[in-house]
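Please read the structure below before turning to the comments.
Protein chains: 2
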Amino acid sequence: MDKILRFDMGAENGPVCREEPLGKYAGMGGRGMTSMIISQEVPPLCHPLGEENKLVIAPGLLSGSAAAQSGRISVGCKSPLTGGIKESNSGGQASQVLARLGYAAIILEGKPLNDNLYKIVINKNGVVITENNDLKLLGNYDTVDKMKAQHGDKIACISIGPAGEMKMAAATVAFTDMEIRPTRHAGRGGSGAVMGVKGVKVIVLDDTGMKMRPPKDPDKFKEANKRFAKGLKRHSVTGEGLPAYGTNVLTNIINEAGAFPTNNFSSGRFDGASAISGETYAELETKRGGRPTHGCHRGCVIQCSGIFVDKDGNYLTKQPEYETVWSHGANCGISDPDLIAQIDRLDDDFGLDTIEMGATIGVAMEAGVAKFGDGEAAIKLVKEVGKGTPLGRILGSGAAVTGKVYGIERVPTVKGQSMPAYDPRAVQGIGVTYATSPMGADHTAGYAVTANVLGVGGNVDPLKPEGQIELSRNLQIATASIDSTGYCLFIAFAILDQPDTFQDMLDVISAFTGQELTADGVTALGKKILKSERDFNFQAGFSSKDDRVPGFFKREPLPPHNVTFAVTDEELDQVFNW
Amino acid sequence: MDKILRFDMGAENGPVCREEPLGKYAGMGGRGMTSMIISQEVPPLCHPLGEENKLVIAPGLLSGSAAAQSGRISVGCKSPLTGGIKESNSGGQASQVLARLGYAAIILEGKPLNDNLYKIVINKNGVVITENNDLKLLGNYDTVDKMKAQHGDKIACISIGPAGEMKMAAATVAFTDMEIRPTRHAGRGGSGAVMGVKGVKVIVLDDTGMKMRPPKDPDKFKEANKRFAKGLKRHSVTGEGLPAYGTNVLTNIINEAGAFPTNNFSSGRFDGASAISGETYAELETKRGGRPTHGCHRGCVIQCSGIFVDKDGNYLTKQPEYETVWSHGANCGISDPDLIAQIDRLDDDFGLDTIEMGATIGVAMEAGVAKFGDGEAAIKLVKEVGKGTPLGRILGSGAAVTGKVYGIERVPTVKGQSMPAYDPRAVQGIGVTYATSPMGADHTAGYAVTANVLGVGGNVDPLKPEGQIELSRNLQIATASIDSTGYCLFIAFAILDQPDTFQDMLDVISAFTGQELTADGVTALGKKILKSERDFNFQAGFSSKDDRVPGFFKREPLPPHNVTFAVTDEELDQVFNW
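Those protein sequence lines, which keep their order, are chains B and F. Under my numbering, think of the first position of the first sequence as 1, with each following residue one higher. Under my numbering, think of the first position of the second sequence as 1001, with each following residue one higher.
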């Protein structure tokens, strides 16, 4: 993993690619790699859909090795949704495969001089770029099926659906899972639209003939890795809750906490929660012959993904994630698990961020475009997006644009990006993360739900402002680091609660790289990444005024706790004052 | 004019109104009044369509007096289009009438608790607010007709069309002209949407029984006013060009200068310019029985407005302004004067900013929604806006949102507001104004076309960056002052070129107020207003990065001069460094 593959998609005689040494980016991986490249190479004031923007895809530092749980891959760009820097990461197979092929990053630059759509194939023999206009406007599923037919079943695909080709701000970059299905997505921020601008429909990776990346100290690595995996198994979240029910284990928990945003953030509790809970889905999947416990990539020990089958036992989609169940469910007043799964399939196929889409449909419902609770209407709306009708283009542009188009004030976004599945009034720590993360409203950027609700890594009262700044700050710093390793963020549950598991993680990385990593080193890396991201945003025109939640969260009390967001602006401005 | 009328549209038992003394706003008028009230009373981070925003309508300092040319009225709010402070001003009769009724400002606050639409009637007996839901979604023309039927033909109306009711960011506030037609508009920035949020469909003013506002020194005032009017008649622009052809005298001039934005700012010259020039319109109007020379309010000596009639001699609309002819004409590749007049009528009736709409349709054409030059398609698109279809709502949200929805990079906006009819590459001074005005891209905020193209107030090479900062700065300061007086900005041509006419203007104001006004006083007022507006925007999240033109103006050379915008970012940051 000592090379960068740089594609000039706008070259005069058609796209070209060259291999480069890592140079100044040596030692970076995942989010560290994407944010360094974007902040150093992309003009902050450029148009996100212009030739000056770049799309960077980078496996984590440990990806491609035998390290458990190291299959995350980062996608970076200037975001068409937020206008700021973006790192969105995903599971799936691509990270391991790309790393084994030796590439620490793929950079897509420029803009094709015509309307051609390209396929890029990368294997042990090198890189082939071909015009592939017969892929135009295909869904991710059909695209991947064609790739399997052309390139066999040892591949991993990185692709965009029609949403990305149509340059929608809610468009994702899709990654295939172990079954070579496009179920894992770098969802947030519209990176799929940037890939669409670059004219790349799909990148096919095949690591046949390549070897697992070797650690510097194999014995120490193996031992530490084993201890680390055991640590994950030992923690109740990563060892029990997530394997049994997937991320959707959270529906009942967050609903009980009164923080489950319902009907476009009008209440924190949803009557239909139990019908769409992880427990219900797992039962349904087991009964029908699906799988509630499953890994999204090789080397996963948590196994929080799953397979959802329809009433006839046929594969429909992956087990919908908690965020999807919330966004298309409670947030739109919908409590039909089959219907939510159908929308999940559509989102994955069109290449749409499920969080942004559910939040957007919630805003559209608030505007009277459809009624809260009307599942059939919601499906129709998502189909409009796939077709690219005017209404579909509005929705595909995300909640902030939809709110503008319909003249709606109650739009739950920060920096133009929709809030995920935790109301910031009832989980004030996550509100701090939403407000201040350089990514826009993003739960993964500093998952304060841990200490606020789950009792992981301490306890901080979720309904009060006290302690939230420090909590969010520390989590944002740690997360920026973890997102650089390739480790799935879910390891955080175990390393926050179990000091020995944290040390095991440091040992794994140290043994792999041959350089001793300490807790201070983790913090320093996180701060460096956040600083580069904040600097980019500042140069792109952001100010402290963008680090705020919308006014209605400060005015409207949220049932059942009847609380408003109480962290002051002055406190928010201290998050990065470390 | 020593009172403020403040309406609480959100009061529990329905809207109420109270009269207030001027208090700290004494001595302010027009833009000075609106910007002071907005910057002191509206939370900068509030949602433009929320209850915290306010709509302020203020006549100029001289309005309601016998001062020639003093009929401008200002509308202020936090703009739904730009997110910053907005002052948009208009001609028509309302300014004189409201001033004679004694009101220096109307302030609309809050938000009705239900969906009711209100009519406000103000006359010498006081104020009456009535529910008037039968006006819902009526065009401005029908609304005004109903008001005439109910309140006689001595009235002046301030109203919104369906666009304002639908809270579209391109919605205007309409003002009736001398024939009580809704042809004059506070067009820029979506103030009509804010009036829509306040639930006010129309304000009917009747100054029957009220007197002209008396000057402190009647003799001096009368003399100075006479000299001032003569000065206007003496200047070639205000005494000849504007009366003969209206503002559209500029089409041939700006096209000749290679600065007439064509096909969404792709060229500075339009083949069809002569077919839509002021000369052509005047000839057509004269032949058909319309009027090329006409005033938009009593007391106008320039007479730049006009009346456009159709082929059968029936009134269709006012003589389309230069900006309208450009936006719906050259910018969309359309050269049919009748068709442009039809669109002008639709825009006025729906209550839409003609600049924003033409620029938006240009962007939609760039996106492939219709073809450049297809006039029938353009009419259909405007009708979609009136109907509020999804496509219509996209377009009614303005060019920036339309560009986002269609994934288009070439969007000619600053701070979310469309550029008017001068390409910033071929008139670099106006480019500086577009970039830096607190209003977003706005030609009237600092009309550098004077010295850049017209040879008024000096000569500054339009194609080069040298001297543009000083030119724009001085004009922006002077304009903020003039926009406070009620004077029509077109007096600037004469006062820039004729020192005696400038002194006459100072004498008129001094004689009216009884306080000696000097050139330094004009400058001080302008700076004070600009500072309050810049401060508001800063608190609303704007930074120097918002004072920029889009990247493509710096990259794409504009035919026929093949120039790019060459004023540097560092220079732009000096505009307000006085």
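Virtual Cβ for every residue (Gly too), placed ideally from N, Cα, C. Predicted model, so just to flag it, every value in this text is computed and none were measured.
Counterpart residues of residue i in DSSP-defined beta bridges
{"i": "F:A1058", "result": "F:S1074"}
{"i": "B:R184", "result": "B:F175"}
{"i": "F:K1003", "result": "F:P1021 and F:Y1103"}
{"i": "F:L1352", "result": "F:A1171"}
{"i": "B:C332", "result": "Per DSSP, none; premise fails for B:C332."}
{"i": "F:S1418", "result": "F:T1413"}
{"i": "F:D1008", "result": "F:V1016 and F:E1109"}
Option nearest residue i by Cα separation, candidates the options
{"i": "B:N331", "options": "B:R410, B:L517 and B:S481", "result": "B:R410"}
{"i": "B:G29", "options": "B:A11, B:G14 and B:A104", "result": "B:A104"}
{"i": "B:M1", "options": "B:P214, B:G514 and B:L463", "result": "B:P214"}
{"i": "F:N1452", "options": "F:V1427, F:D1336 and F:K1054", "result": "F:V1427"}
{"i": "B:I491", "options": "B:D310, B:K387, B:I529 and B:T450", "result": "B:T450"}
{"i": "F:A1480", "options": "F:H1443, F:V1508, F:P1499 and F:P1465", "result": "F:H1443"}
{"i": "B:I85", "options": "B:L558, B:S532 and B:T568", "result": "B:S532"}
{"i": "F:S1266", "options": "F:R1188, F:R1298, F:K1527 and F:P1412", "result": "F:P1412"}
{"i": "B:Q476", "options": "B:D520, B:Q503 and B:K527", "result": "B:K527"}
{"i": "B:V197", "options": "B:K220, B:G10 and B:T389", "result": "B:G10"}
{"i": "B:G102", "options": "B:G91, B:V414, B:L135 and B:L205", "result": "B:L205"}
{"i": "F:G1306", "options": "F:L1242, F:C1077, F:K1404 and F:D1520", "result": "F:L1242"}
Host alpha helix (DSSP H) of residue i (start-end)
{"i": "B:T513", "result": "P499 to T513"}
{"i": "B:P292", "result": "Looking at the DSSP string, B:P292 is not in any alpha helix (DSSP H); the run it does join, the beta strand (DSSP E), is R291 to H294."}
{"i": "F:S1159", "result": "Not the alpha helix (DSSP H): F:S1159 falls in the beta strand (DSSP E), residues I1155 to S1159."}
{"i": "B:R100", "result": "A94 to R100"}
{"i": "F:K1201", "result": "Note, F:K1201: premise wrong, no alpha helix (DSSP H); beta strand (DSSP E) at V1200 to D1206."}
{"i": "F:T1568", "result": "Counting along the chain, F:T1568 falls outside any alpha helix (DSSP H), and DSSP gives it neither H nor E."}
{"i": "B:K146", "result": "N140 to H151"}
{"i": "B:L525", "result": "A519 to Q539"}
{"i": "F:Y1118", "result": "Careful: F:Y1118 lies outside any alpha helix (DSSP H), inside the beta strand (DSSP E) at Y1118 to N1123."}
{"i": "B:Y406", "result": "A399 to Y406"}
{"i": "F:G1458", "result": "No alpha helix (DSSP H) contains F:G1458, which DSSP labels as neither H nor E."}
{"i": "B:L471", "result": "Q468 to T485"}
{"i": "F:K1383", "result": "G1375 to K1387"}
C-beta contact flag for residue i and residue j at 7 Å
{"i": "F:T1183", "j": "F:D1348", "result": "yes"}
{"i": "B:N132", "j": "B:L117", "result": "yes"}
{"i": "B:V382", "j": "B:L339", "result": "no"}
{"i": "B:Y245", "j": "B:G278", "result": "yes"}
{"i": "F:F1565", "j": "F:F1576", "result": "no"}
{"i": "F:T1485", "j": "F:L1022", "result": "no"}
{"i": "B:G351", "j": "B:G551", "result": "no"}
{"i": "B:R425", "j": "B:V563", "result": "yes"}
{"i": "F:Q1274", "j": "F:E1356", "result": "The sequence given here has Ser at residue 1274 of chain F, not Gln. The answer is no: Cβ separation not under 7 Å."}
{"i": "B:V260", "j": "B:M505", "result": "The residue you asked about is not Val; residue 260 of chain B is Phe in the sequence shown. Not closer than 7 Å, so no."}
{"i": "B:V508", "j": "B:N225", "result": "yes"}
{"i": "F:A1186", "j": "F:V1075", "result": "yes"}
{"i": "F:T1402", "j": "F:V1363", "result": "yes"}
{"i": "F:E1051", "j": "F:P1043", "result": "no"}
{"i": "B:T501", "j": "B:A494", "result": "yes"}
Terminal residues of the beta strand (DSSP E) in which residue i lies
{"i": "F:S1088", "result": "I1085 to S1090"}
{"i": "F:S1305", "result": "S1305 to V1309"}
Just checking, does the region 1562-1573 of chain F make contact with the region 1541-1551 of chain F on the three C-beta pairs under 8 Å criterion?
-> yes
Between the region 426-445 of chain B and the region 470-490 of chain B, do three or more beta carbon pairs fall short of 8 Å?
-> yes
Is the region 448-464 of chain B touching the region 286-295 of chain B, taking contact as three or more C-beta pairs under 8 Å?
-> no
On the three-pair Cβ rule with 8 Å, is the region 295-303 of chain B touching the region 223-235 of chain B?
-> yes
Contact between the region 29-49 of chain B and the region 140-149 of chain B: three or more CB pairs below 8 Å?
-> no
Answer yes if the region 1167-1184 of chain F comes into contact with the region 1208-1226 of chain F, meaning at least three C-beta pairs across the two stretches below 8 Å, and no otherwise.
-> no
Say whether the region 1392-1404 of chain F touches the region 1152-1168 of chain F, bearing in mind that this needs 3 or more beta-carbon pairs closer than 8 Å, one atom from each stretch.
-> In the pairwise beta carbon analysis, the region 1392-1404 of chain F is classified as touching the region 1152-1168 of chain F: at least three pairs are separated by under 8 Å.
Contact between the region 1147-1155 of chain F and the region 1312-1320 of chain F: three or more CB pairs below 8 Å?
-> no
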